[in-house]
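Read through the structure below, which is laid out as structure tokens, and then see the notes.
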Amino acid sequence: MLQFGLAIMNDFPAEVVPAERIAPMREQVRAASDAGISSVWVLQHYLGGMPTLQPLPTLAALAADASEMTLGTNMFILPLRHPVEVAEEFATLDHITGGRAVAGFGMGYRENEFESFGVAMGDRVGRFEESIAVIRGLWSGESVTHDGEHFRVKDQHISLRPVQPGGPPIWIGAGPHKTGAQRAARLGDAWIVPPHVTPERLAVVLGHYRAERERLGRASSDLVVRRELVLDHDPERARAVGLQARGELTSQYAQYNAPQQGEAYQHLQTAEKAAEVADASYLFTDPPTAVAALKDLEAQGLTHVILRAQWYGLPQEQVLATLELFKNEVLPAFR
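Residue numbers (full-length UniProt numbering): 1 to 335.
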């Protein structure tokens, strides 16, 4: 049965005081729970032009409002941190949530973040892979010795073992290409596919992912895709609202040297390209059309869809209206 998550907006326009957004964020989490959504997600960035609430304390603050929902990071920039610290912090979140944490790990892409942390961009992959090995080892509760290129741990064990045996599931964020799919298949318990991937491209990269899992002799896993969502009984209005708000966010993100080549980043290139991506992949539409698109994803074997319903200046009332339509006119098709 297809499950749904909600990505809560935790990066804001420069003029916003994030302290004033905590109550609306909690309201969205409660509305998501009431709508039958099973998980809550927040993102991570450092520095930049948008004040961003960091994900782990934010999720801890939202845990009481989340009821039985899972809480995860989408994505936590793993190469910038030491794996011992990360293992302890996510174990802490796992205790706060009663064993409902998911560790969504990504490699990051913004040069200003890596430069400011003193981490070379060329070390991203090595640090990412070593970190996951150390973290999994610590979460096992056994003593860990790791003598790698980037991290060294000698006969140490974690004092705060996670609630979930073996620790929170690790869901990998990776680009929609063969290398990203194979890395996610090798390192993760699931792969979170970016929202701008078209249904046609999604079928191709999921094929790479499944083939790599089979080659490694690993069991089938959760398959997760993100999608942007604005619902209205008038699909043209939904499209206009979504393009405006998502476009404002895209213009902010495009300032920070994302690799601008290839299909994976075409949504950052021009407004026309962004609109093409939205029409092909996003759910800025009416409920019946959203149901049809989500049914297509389900038919491809997707197990989770993480929905984001707010960007930049989109008001709270619009988010709550989308969640109400989702609850009443979309979710029943999947129950």
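Don't be surprised by glycine CBs; every beta carbon is placed ideally from N, CA and C.
**Request:** Would you kindly work out how many angstroms separate the C-alpha atoms of Gln-260 and Ser-143, rounded to a whole number?
**Result:** The residue given as residue 260 occupies position 260 in the sequence shown. The residue given as residue 143 occupies position 143 in the sequence shown. Reliability of the predicted coordinates at Gln-260 is poor, the pLDDT of 46 falling under 50, and the value obtained from them is presented with this limitation in mind. Just so you know, the alpha carbons of Gln-260 and Ser-143 end up roughly 43 Å apart.
**Message:** Determine, for Tyr-256, whether the minimum Cβ-Cβ distance to residues of chain B falls below 8 Å.
**Reply:** Among the chains of the structure shown, chain B does not appear; only one protein chain is present.
**Request:** Report the rounded CA-to-CA distance for Glu-20 versus Ala-87, giving the unit in angstroms.
**Result:** What you label residue 20 is simply residue 20 of the sequence shown in a count that begins at 1. What you label residue 87 is simply residue 87 of the sequence shown in a count that begins at 1. Roughly 31 Å separates the two Cα atoms.
**Prompt:** Where Ile-135 and Glu-149 are concerned, what is the direct C-alpha to C-alpha distance, given to the nearest angstrom?
**Reply:** Position 135 of the sequence shown holds residue 135. Position 149 of the sequence shown holds residue 149. Cα-Cα distance, rounded: 16 Å.
**Request:** Give the single residue among Glu-324, Trp-41, Gln-255 whose Cα lies nearest to the Cα of Asn-112.
**Result:** On the sequence shown, residue 112 is found 112 positions in, with the first residue counted as 1. Among Glu-324, Trp-41, Gln-255, the Cα nearest to that of Asn-112 is on Gln-255.
**Request:** Excluding the 5 residues preceding and the 5 following Ser-221 in the sequence, name in chain order all residues of the same chain whose CB lies nearer than 7 Å to its CB.
**Result:** In the sequence shown, counting from the first residue as 1, residue 221 sits at position 221. Around Ser-221: Asp-189, Ala-190, Arg-213.
**Request:** In angstroms with no decimal places, state the Cα-to-Cα distance between His-233 and Leu-283.
**Result:** Position 233 of the sequence shown holds residue 233. Position 283 of the sequence shown holds residue 283. Near 13 Å, if we compare the C-alpha coordinates of Leu-283 and His-233.
**Request:** Answer yes or no: do Gly-106 and Phe-76 have a C-beta to C-beta separation smaller than 8 Å?
**Result:** If you number the sequence shown from 1, residue 106 lands on position 106. If you number the sequence shown from 1, residue 76 lands on position 76. Yes, Cβ-Cβ distance for Gly-106 and Phe-76 is below 8 Å.
**Message:** So within the segment 172 to 244, which uninterrupted beta strand (DSSP E) runs reach at least 3 residues, ignoring any that extend past its ends?
**Reply:** Taking 3 residues as the shortest admissible run, the segment 172 to 244 contains the following complete beta strand (DSSP E) segments, listed from N- to C-terminal end: 190 to 193, 222 to 231.
**Message:** For Val-102, count the other beta carbons within 10 Å of its own beta carbon; 16 or more makes it buried, fewer makes it exposed. Which is it?
**Reply:** Translated into the one-based positions of the sequence shown, residue 102 becomes position 102. Answer is buried; the Cβ neighbour count reaches 16.
**Request:** Whole angstroms is fine: what's the gap from Lys-327's alpha carbon to Met-1's?
**Result:** For the purposes of this step, residue 327 is taken as the residue at position 327 of the sequence shown. For the purposes of this step, residue 1 is taken as the residue at position 1 of the sequence shown. Taking the straight line from one Cα to the other gives about 16 Å.
**Other residues of its chain near Ala-333: CB distance less than 6 Å, five sequence neighbours each side excluded** = For the purposes of this step, residue 333 is taken as the residue at position 333 of the sequence shown. Excluding positions up to five away in sequence, the list reads Val-291.
**Own chain residues within Cβ distance below 6 Å of Leu-56, not counting five before or after** = Here residue 56 refers to the residue found at position 56 when the sequence shown is read from its first residue. Taken in chain order, the residues that qualify are Glu-89, Leu-93.
**Item:** Beta-carbon separation (whole angstroms), Leu-160 vs Ile-172, contact threshold 8 Å
**Value:** As a first step, residue 160 is located in the sequence shown; it is residue number 160 there, counting from the start. As a first step, residue 172 is located in the sequence shown; it is residue number 172 there, counting from the start. That belief does not hold up - the Cβ atoms of Leu-160 and Ile-172 are roughly 23 Å apart, past 8 Å.
**Item:** alpha helix (DSSP H) segment containing Asp-65, residue limits
**Value:** Mapped onto the sequence shown, residue 65 falls at position 65. Run containing Asp-65: none; DSSP gives neither H nor E here.
**Request:** Look at the alpha carbon of Arg-183 and the alpha carbon of Asp-147, and state the distance between them as a whole number of angstroms.
**Result:** Working through the sequence shown from its first residue, we reach residue 183 at position 183. Working through the sequence shown from its first residue, we reach residue 147 at position 147. Whole-angstrom Cα-Cα distance: 22 Å.
**The alpha helix (DSSP H) enclosing Leu-160, as first and last residue numbers** = As a working mapping, residue 160 is identified with position 160 in the sequence shown. Boundaries for Leu-160: no alpha helix (DSSP H) harbours it, and the DSSP string shows neither H nor E there.
**Prompt:** What residues in its chain sit with their C-beta under 6 Å from that of His-157, if we drop five residues either side in the sequence?
**Reply:** On the sequence shown, position 157 is the one that residue 157 refers to. If the five residues before and after His-157 are omitted, its C-beta is found closer than 6 Å to the C-beta atoms of Ser-143, all from its own chain and listed in chain order.
**Message:** In this structure, how does DSSP classify Asp-279 when only helix, strand and coil are distinguished?
**Reply:** As a working note, residue 279 is residue 279 in the sequence shown. Helix, per DSSP.
**Request:** Could you spell out where the alpha helix (DSSP H) holding Phe-117 opens and where it closes?
**Result:** As a position in the sequence shown, residue 117 is number 117, starting the count at 1. Start and end: 111 to 117.
**Asked** Between the C-alpha atoms of Arg-124 and Thr-198, what's the straight-line distance to the nearest angstrom?
**Response** The residue given as residue 124 occupies position 124 in the sequence shown. The residue given as residue 198 occupies position 198 in the sequence shown. Near 27 Å, if we compare the C-alpha coordinates of Thr-198 and Arg-124.
**Prompt:** If Ser-67 sits next to Ser-33, beta carbons under 8 Å apart, how far is it from one beta carbon to the other, in whole angstroms?
**Reply:** As a position in the sequence shown, residue 67 is number 67, starting the count at 1. As a position in the sequence shown, residue 33 is number 33, starting the count at 1. The beta carbons of Ser-67 and Ser-33 sit about 5 Å from each other, so the pair counts as a contact at 8 Å.
**Message:** Here's the rule: buried if 16 or more other CB atoms are within 10 angstroms of the residue's CB, otherwise exposed. What is Gly-5?
**Reply:** Along the sequence shown, read from residue 1 onward, the residue named residue 5 stands at position 5. By the neighbour-count criterion, in which 16 or more other beta carbons inside 10 Å mark a residue as buried, Gly-5 falls on the buried side.
**Asked** Between the segment 7 to 20 and the segment 303 to 313, are three or more C-beta pairs nearer than 8 Å?
**Response** In short, these stretches touch, since the Cβ pair count reaches three.
**Prompt:** What do you get for Ile-306, buried or exposed, if any count of 16 or more other CB atoms within 10 angstroms of its CB means buried?
**Reply:** As a working mapping, residue 306 is identified with position 306 in the sequence shown. With 16 or more other Cβ atoms within 10 Å, it is buried.
**Asked** For Arg-239, which residues from the same chain have a beta carbon less than 6 Å from its beta carbon, with the 5 sequence-adjacent residues on both sides left out?
**Response** Start at 1 with the first residue of the sequence shown, and residue 239 comes out as number 239. Counting only Cβ-Cβ distances below 6 Å, and skipping sequence neighbours, we find Phe-284.
**Prompt:** Hey, how far is the Cα of Tyr-265 from the Cα of Ala-278?
**Reply:** Counting from 1 along the sequence shown, the entry for residue 265 is found at position 265. Counting from 1 along the sequence shown, the entry for residue 278 is found at position 278. Any reading at Tyr-265 needs caution, since the residue's pLDDT is 49, under 50, leaving its predicted position unreliable; the model's value is listed next. The straight-line gap from Cα to Cα measures roughly 13 Å.
**Asked** Taking the alpha helix (DSSP H) that Val-319 falls in, what are its first and last residues?
**Response** Reading the sequence shown from its first residue, position 319 is the one you call residue 319. Per DSSP, Val-319 is one residue of the alpha helix (DSSP H) stretching across 316 to 325.
**Request:** Could you tell me whether the Cβ atoms of Gly-242 and Glu-228 are closer together than 8 Å?
**Result:** For the purposes of this step, residue 242 is taken as the residue at position 242 of the sequence shown. For the purposes of this step, residue 228 is taken as the residue at position 228 of the sequence shown. Yes, the Cβ-Cβ distance between Gly-242 and Glu-228 is below 8 Å.
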